[in-house]
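S.K.:
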Amino acid sequence: MNERVLEKLSILADAAKYDVSCSSSGSNRKNENGGLGNAEGMGICHAYTEDGRCVSLLKILLTNHCVYDCAYCVSRKSNDIKRAAFTVQEVVDLTINFYRRNYIEGLFLSSGIFSDPDFTMERLVRIAKKLRTEENFNGYIHLKAIPGASDDLIREAGSYADRLSVNLEVPTEQSLQLLAPDKSRKEMVQPMKVLQNGIKANRDERKVLQAAPLFAPAGQSTQIVIGATPESDWQILKLSDGLYKKMELKRVFYSGYVPISNDNRLPALGTPVPMVRENRLYQADWLLRFYDFDVDELISPEDPFLDMQIDPKLNWALRHLDQFPVDINKADLNVIKRIPGIGVKTAEKIWKARRFGKLNWEHLKKFNIAANRAKYFINMRVDDFQRKDYTPQQIRNFILQTSHSKYAPNHSPQLQLF
Amino acid sequence: MQTVLYDGSWDGFLCAVFDVYEYKFTDAQIVPEHRFNGNLFATVHHARMEQVHSQRVWKGLERILSVEATTALYRAFLSEEAESEGHLLAYIRYAFASGGNMEDDLGHASVLYVVQTARRVWREKHRMEAFVRFQETADGMYCAFIEPDHDVLPIISPHFEARYADQRWMIYDTRRKYGIYYDGSTVAEVDISFEDKIDEHNIAPAHAPNEAAYQALWQQYFKSVNIAARKNTKLHVQHMPRRYWKNLPEKQPSVSPAFTKKK
Ligand code: SF4
Chain A
16 MNERVLEKLS ILADAAKYDV SCSSSGSNRK NENGGLGNAE GMGICHAYTE
66 DGRCVSLLKI LLTNHCVYDC AYCVSRKSND IKRAAFTVQE VVDLTINFYR
116 RNYIEGLFLS SGIFSDPDFT MERLVRIAKK LRTEENFNGY IHLKAIPGAS
166 DDLIREAGSY ADRLSVNLEV PTEQSLQLLA PDKSRKEMVQ PMKVLQNGIK
216 ANRDERKVLQ AAPLFAPAGQ STQIVIGATP ESDWQILKLS DGLYKKMELK
266 RVFYSGYVPI SNDNRLPALG TPVPMVRENR LYQADWLLRF YDFDVDELIS
316 PEDPFLDMQI DPKLNWALRH LDQFPVDINK ADLNVIKRIP GIGVKTAEKI
366 WKARRFGKLN WEHLKKFNIA ANRAKYFINM RVDDFQRKDY TPQQIRNFIL
416 QTSHSKYAPN HSPQLQLF
Chain B
1241 MQTVLYDGSW DGFLCAVFDV YEYKFTDAQI VPEHRFNGNL FATVHHARME
1291 QVHSQRVWKG LERILSVEAT TALYRAFLSE EAESEGHLLA YIRYAFASGG
1341 NMEDDLGHAS VLYVVQTARR VWREKHRMEA FVRFQETADG MYCAFIEPDH
1391 DVLPIISPHF EARYADQRWM IYDTRRKYGI YYDGSTVAEV DISFEDKIDE
1441 HNIAPAHAPN EAAYQALWQQ YFKSVNIAAR KNTKLHVQHM PRRYWKNLPE
1491 KQPSVSPAFT KKK
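Taken in order, these protein sequences are the chains called A and B.
Under the working numbering, the first residue of the first sequence is numbered 16, with each subsequent residue one higher.
Under the working numbering, the first residue of the second sequence is numbered 1241, with each subsequent residue one higher.
Following this line, the structure appears as C-alpha cells:
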C-alpha cells in the first residue's frame, strides 16, 4: 500500500459519494466455502457519515475519467478536476483489507466511462470475478451496469455481483435530453431488462436446483436525482411505481441534488439540498412498498407535490377523516397500519396483543406510538385529551405545534424551486 | 421478602429460579452476588448450583414457550439491568402458571419488559457487529476491543464465526474483562494478559506492517464520503453515540502511516 493509493481513494470516494444507494441488504450469499465473508439479510451500517448516512460499503469509482458530459455529474468531461483511476488489483486489495477489519459489508463499484462502455464494464466485471474466484470473497458486491455495455458483459456481472444498478438520475427523457445529450433512456433501460430476465430465470432455476449459482440475488436498484430538474413528485412517484411493478426493482433511491456547477440549466451553487423533499419521497415510497398504499391515493396530477410540512400518511389521513377514528381493538391490521403515528411493526404488536384483552391508551403509549399524532385518529380515552370534531386544518396545526423535524437543526424549511 | 443470591451467570440464574419453586418462596427477589448490598435485614438464600436444576427450568420453559420467547428471556438477561431478574422471574411465574399462552400479552408489565429489553440487547448486538474494528497484528491475528452496554459477546460470536471463517480473530470486552477467540476452527472464551507497552488502548507496537496504512485509508475514506452540504450532527450522533467512539479508528485523530515506498 502506498501514498498514491491514499490520494486515489480520496478522489474516487469523493466522486462516488453523490450516489446515495449504499444499502447492502437483500442478498443471500452464505460463506459455504470457508472463505471470507457472507452477505445475508439486512446488511450492516458500519459507520455513519457526519450527515447521518449509513456507511456500509466501500463506495468508489474505478475512475472519474469520463468521455461523457452529463451536466449534473462532478465527473463530467468539461469539469476541471483532478482525475484518477484505480488498478484492478488496488480495488481488490482495498476491499479485502477493509472487509477483514470489519469496516465494510462489501464493495460498491461504479465508474466514469473510460473510452467506451464495454471497456469500462469489462474492468468492473474483472474486479468482481477476481474477488469471487481468487479471494474466495462472499461479501456484498454492488456493480454499476454501464448503459451501452454488451448484454453478455451485463450477464457476466450478474453472475458475480449481489446487486446491480443503472441510475436513471433524471426522471424524464426530456430532462435527459437537456442535461445529458449523449445518453438515451433506451440505452439505460436495456441493461435493466437484461438483468430482469436474468434474475427471473435464476429464480426459476433455483426453485428446481437449490445449488444453482446465484445471479444478482439482491436484485437491481436505481437512483433518481431530486430537484435538479423541474419534475413533480407525482411524476417521480409514478416512475418509481412503474419501476417496482414493471421492472421489479428492489429499491429506488432518491438523491436530493447537491449543486456542483454554475451551469444555468441547473440550480445555482449554494441552493440548499432539498432534504425535506427527499425525505418525503422516501416516506411515500415506503407507503407504496410496505403499507399497501396505491400511488394514486398519495398524490395526483392536480396536486403534484408532496406536503413539505407533514408526512404523506398524515396528509392522506387528513384528507380521509371520514375513515377515522379507528377502533384499535377491532379494526383490521391494514386499517391500523394507516393510522398516523403507528408504524408497521407497532401495528402488528397491537394486533397481536389485543387478543389478550382490551388495549387502552396506557398500553399504546408503551408500544412507542407517536402519541401526539395518533391520538386524533383512534377511538379511545386519551389522558386529558378532549375528542371533538376538529377540522383537518386544526389537527394539522396542533400536530405541527408539537412535533419537530429531524432535519430542523441544520436546515431551514426549503423553498420549492420550480 | 426472600433474597436469593446467585453467581451472575445465566445457569446460576436458572438455578435460583429452581430454588424459588423448590422452597416455595412466594415473595422473592433474585440478585447477583456482585450487586447485593449486604442488607442486614434481608433473609438470604444462596442458590444451589446444580446443572440438573438449571436444565429442568430451561426444559420446562422450552416446553411451554416458543423459541422466540425463550430466546428473548436469555437476551433480556444479558442486559445486566438491575430490574431484569425481577421481571424475568415474574415472566417465568406467569408462563408456568398459565401454561405458556401469554408471550404476546404485552399488556403485562414483565412480558413487555422482556420483549423490549431483549430488543434493546439485540440492538446492542447489532451495534457491536457494526462497530467491531479489527487490527491486524504481526502474527496475522485480527484483534478488536469493545465496551458494549450489555454482555453481548456470547450472542455476537456466531456472526463473526460465520463471516471471518478464514482468519484468526479475537474480540475483547474491556469492561467485562473477557474475550472470544477464534483459532481458525472454533471459538473459545479467553482472558488475556497484556505485555509491557501493549494494552487494550494501544496495541500499535504489535501491529502488522500494513495496519497503520489501512487505518489511514479508512480514515480518509470516512472523510471523503461526507457531504458537507448535508451536515446533520444530530443524526450522526444518534446513530454513532459518542460512548463508542474510542474504539473506532474513523473517530480518532489522523494516523500517519509509514507508507512502503513504491517499488
Ligand atoms: S456518464 Fe456517468 S460518470 Fe460520465 S458524466 Fe455521465 S453520469 Fe458522470
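Backbone N, C-alpha and C fix where the C-beta goes; we use that ideal spot for every residue, glycine too.
As the structure is a prediction and not an experimental result, all values here were calculated from the model.
Is R91 (chain A) near the ligand SF4, in the sense that its beta carbon is under 6 Å from a heavy atom of that ligand?
M.R.: Your numbering for residue 91 (chain A) matches position 76 in the first sequence. For the ligand SF4, at least one heavy atom lies less than 6 Å from the Cβ of R91 (chain A).
S.K.: In three-state terms, what does DSSP make of L1280 (chain B)?
M.R.: Along the second sequence, read from residue 1 onward, the residue named residue 1280 (chain B) stands at position 40. DSSP places L1280 (chain B) in coil when its eight states are reduced to three.
S.K.: For a cutoff of 7 Å on Cβ pairs, would you count F371 (chain A) as touching chain B?
M.R.: As a first step, residue 371 (chain A) is located in the first sequence; it is residue number 356 there, counting from the start. Yes, F371 (chain A) counts as interfacial toward chain B.
S.K.: Could you tell me whether any non-hydrogen atom of the ligand SF4 is closer than 6 Å to the CB of G127 (chain A)?
M.R.: The count along the first sequence starts at 1 and reaches residue 127 (chain A) at position 112. Yes, since a heavy atom of the ligand SF4 falls inside the 6 Å radius drawn around the Cβ of G127 (chain A).
S.K.: Going by C-alpha distance, which of B:D1251, B:P1481, B:W1250 is nearest F1371 (chain B)?
M.R.: Here residue 1371 (chain B) is taken as the residue at index 131 of the second sequence, counted from 1. Comparing Cα-Cα distances from F1371 (chain B) to each of B:D1251, B:P1481, B:W1250, the minimum goes to B:P1481.
S.K.: Pull out every residue of the stretch 100-130 of chain A whose Cβ sits closer than 8 Å to any Cβ of chain B, in chain order.
M.R.: Under the 8 Å Cβ criterion, the stretch 100-130 of chain A contributes L109, N112, F113, R115, R116, N117, Y118.
S.K.: Shorter than 7 Å from the beta carbon of S25 (chain A) to some beta carbon of chain B?
M.R.: Translated into the one-based positions of the first sequence, residue 25 (chain A) becomes position 10. At least one chain B Cβ lies under 7 Å of S25 (chain A).
S.K.: Could you have a look at P1272 (chain B) and say whether DSSP puts it in helix, strand or coil?
M.R.: If you number the second sequence from 1, residue 1272 (chain B) lands on position 32. In the structure shown, P1272 (chain B) sits in a strand (DSSP, three-state: E or B).
S.K.: Bridge partners of K74 (chain A), per DSSP?
M.R.: Stepping through the first sequence from its first residue, residue 74 (chain A) is reached at position 59. Answer is A:F123.
S.K.: Would the beta-carbon of M1368 (chain B) fall within 7 Å of that of P1388 (chain B)?
M.R.: Stepping through the second sequence from its first residue, residue 1368 (chain B) is reached at position 128. Stepping through the second sequence from its first residue, residue 1388 (chain B) is reached at position 148. Closer than 7 Å, so yes.
S.K.: Is there at least one non-hydrogen atom of the ligand SF4 closer than 6 Å to the beta-carbon of Y83 (chain A)?
M.R.: The residue given as residue 83 (chain A) occupies position 68 in the first sequence. Checking the Cβ of Y83 (chain A) against the ligand SF4 gives yes.
S.K.: How should N53 (chain A) be labelled, buried or exposed, when 16 other C-beta atoms within 10 angstroms of its C-beta is the threshold for buried?
M.R.: Looking up residue 53 (chain A) in the first sequence gives position 38. The residue in question, N53 (chain A), is buried, as its Cβ has 16 or more Cβ neighbours within 10 Å.
S.K.: To the nearest angstrom, how far is the alpha carbon of A1446 (chain B) from that of A1378 (chain B)?
M.R.: Walking along the second sequence from the start, residue 1446 (chain B) turns up at place 206. Walking along the second sequence from the start, residue 1378 (chain B) turns up at place 138. About 6 Å.
S.K.: Is Y1263 (chain B) buried or exposed, if buried means 16 or more other CB atoms sit within 10 Å of its CB?
M.R.: Along the second sequence, read from residue 1 onward, the residue named residue 1263 (chain B) stands at position 23. Under this definition Y1263 (chain B) is an exposed residue.
S.K.: Thinking C-beta only, is I393 (chain A) closer than 7 Å to I343 (chain A)?
M.R.: For this step, residue 343 (chain A) is matched to residue 328 along the first sequence. For this step, residue 393 (chain A) is matched to residue 378 along the first sequence. It is a contact, given that the beta carbons lie within the stated cut-off.
S.K.: Under 8 Å: do the stretch 1245-1260 of chain B and the stretch 1282-1298 of chain B share three or more Cβ pairs, one atom per stretch?
M.R.: Contact between the stretch 1245-1260 of chain B and the stretch 1282-1298 of chain B is present, because at least three Cβ pairs lie under 8 Å.
S.K.: Does the distance from the C-beta atom of G356 (chain A) to that of A385 (chain A) stay below 7 Å?
M.R.: What you label residue 356 (chain A) is simply residue 341 of the first sequence in a count that begins at 1. What you label residue 385 (chain A) is simply residue 370 of the first sequence in a count that begins at 1. The answer is yes: Cβ separation under 7 Å.
S.K.: Hey, is L66 (chain A)'s beta-carbon within less than 7 Å of any beta-carbon in chain B?
M.R.: Translated into positions along the first sequence, residue 66 (chain A) becomes position 51. Looking at the sequence shown, residue 66 (chain A) is not Leu but Asp. Interface residue, yes.
S.K.: Say whether chain A places a C-beta atom closer than 7 Å to the C-beta of K1299 (chain B).
M.R.: Against the second sequence, residue 1299 (chain B) aligns to sequence position 59. So no, K1299 (chain B) is outside the interface.
S.K.: Would you say C60 (chain A) touches the ligand SF4, meaning its beta carbon is less than 6 Å from a heavy atom?
M.R.: On the first sequence, position 45 is the one that residue 60 (chain A) refers to. Not so, every heavy atom of the ligand SF4 lies at least 6 Å from the Cβ.
S.K.: Check whether the Cβ atoms of V1361 (chain B) and S1319 (chain B) lie closer than 7 Å to each other.
M.R.: Against the second sequence, residue 1361 (chain B) aligns to sequence position 121. Against the second sequence, residue 1319 (chain B) aligns to sequence position 79. It is a contact, given that the beta carbons lie within the stated cut-off.
S.K.: Mind checking M207 (chain A): buried by the 16 CB within 10 Å criterion, or exposed?
M.R.: What you label residue 207 (chain A) is simply residue 192 of the first sequence in a count that begins at 1. With 16 or more Cβ atoms within 10 Å of its Cβ, M207 (chain A) is classed as buried.
S.K.: Using a C-beta to C-beta distance shorter than 9 Å, which residues of chain B count as neighbours of V288 (chain A)?
M.R.: The count along the first sequence starts at 1 and reaches residue 288 (chain A) at position 273. I1467, A1469, R1470, listed in chain order.
S.K.: Taking DSSP as the reference, what is the three-state secondary structure of N286 (chain A)?
M.R.: The residue you call residue 286 (chain A) lines up with position 271 of the first sequence. According to the sequence displayed, residue 286 (chain A) carries Thr and not Asn. It is coil, neither helix nor strand.
S.K.: Report the partner residues of N1442 (chain B) according to the DSSP bridge assignment.
M.R.: Within the second sequence, the letter at position 202 stands for residue 1442 (chain B). DSSP, once it has assigned bridges, lists B:D1439 as partnering N1442 (chain B).
S.K.: Return helix, strand or coil for R19 (chain A), following the three-state DSSP convention.
M.R.: As a first step, residue 19 (chain A) is located in the first sequence; it is residue number 4 there, counting from the start. R19 (chain A): helix per DSSP, three-state reduction.
S.K.: Throw me the rounded Cβ distance for the P162 (chain A) and W249 (chain A) pair, which I believe falls under 8 Å.
M.R.: Start at 1 with the first residue of the first sequence, and residue 162 (chain A) comes out as number 147. Start at 1 with the first residue of the first sequence, and residue 249 (chain A) comes out as number 234. Wrong, their Cβ atoms sit about 26 Å apart, outside the cutoff.
S.K.: Residue ranges of each beta strand (DSSP E) run of no fewer than 3 residues wholly in the stretch 88-138 of chain A, ordered along the chain?
M.R.: Entirely contained in the stretch 88-138 of chain A, the beta strand (DSSP E) runs reaching 3 residues are, in chain order, 121-125.
S.K.: Which whole runs of the alpha helix (DSSP H) in the stretch 325-411 of chain A are 4 residues long or more, in chain order?
M.R.: DSSP runs (the alpha helix (DSSP H)) wholly in the stretch 325-411 of chain A: 327-334, 348-352, 359-368, 376-381, 386-389.
S.K.: With respect to 6 Å, is the separation between the Cβ of C88 (chain A) and the closest non-hydrogen atom of the ligand SF4 below this value?
M.R.: Looking up residue 88 (chain A) in the first sequence gives position 73. C88 (chain A) Cβ: within cutoff of the ligand SF4.
S.K.: Use the C-beta contact count for V209 (chain A): other C-beta atoms within 10 angstroms, 16 or more gives buried, fewer gives exposed.
M.R.: Along the first sequence, one-based indexing puts residue 209 (chain A) at 194. Buried.
S.K.: On a CA-only basis, which of A:I26, A:V181, A:V350, A:D133 is nearest D167 (chain A)? Give me that one, please.
M.R.: Residue mapping note: residue 167 (chain A) aligns to position 152 of the first sequence, counting from 1. Ranking A:I26, A:V181, A:V350, A:D133 by Cα distance to D167 (chain A) puts A:D133 first.
S.K.: Counting Cβ pairs, one atom from each stretch, are 3 or more of them under 8 Å apart for the stretch 278-298 of chain A and the stretch 234-251 of chain A?
M.R.: Output reads yes: the stretch 234-251 of chain A touches the stretch 278-298 of chain A.
S.K.: With three or more C-beta pairs closer than 8 Å as the rule, is the stretch 121-130 of chain A touching the stretch 146-162 of chain A?
M.R.: Yes: the two stretches touch, three or more of their Cβ pairs being nearer than 8 Å.
S.K.: How would you call M136 (chain A), buried or exposed, if buried means at least 16 neighbouring beta carbons within 10 angstroms?
M.R.: Residue 136 (chain A) sits at position 121 when you count from the first residue of the first sequence. Buried, by the Cβ-count rule.
S.K.: Roughly how many angstroms separate the alpha carbons of A227 (chain A) and V204 (chain A), rounded to a whole number?
M.R.: Working through the first sequence from its first residue, we reach residue 227 (chain A) at position 212. Working through the first sequence from its first residue, we reach residue 204 (chain A) at position 189. Rounded to whole angstroms, A227 (chain A) to V204 (chain A) spans 27 Å at the Cα level.
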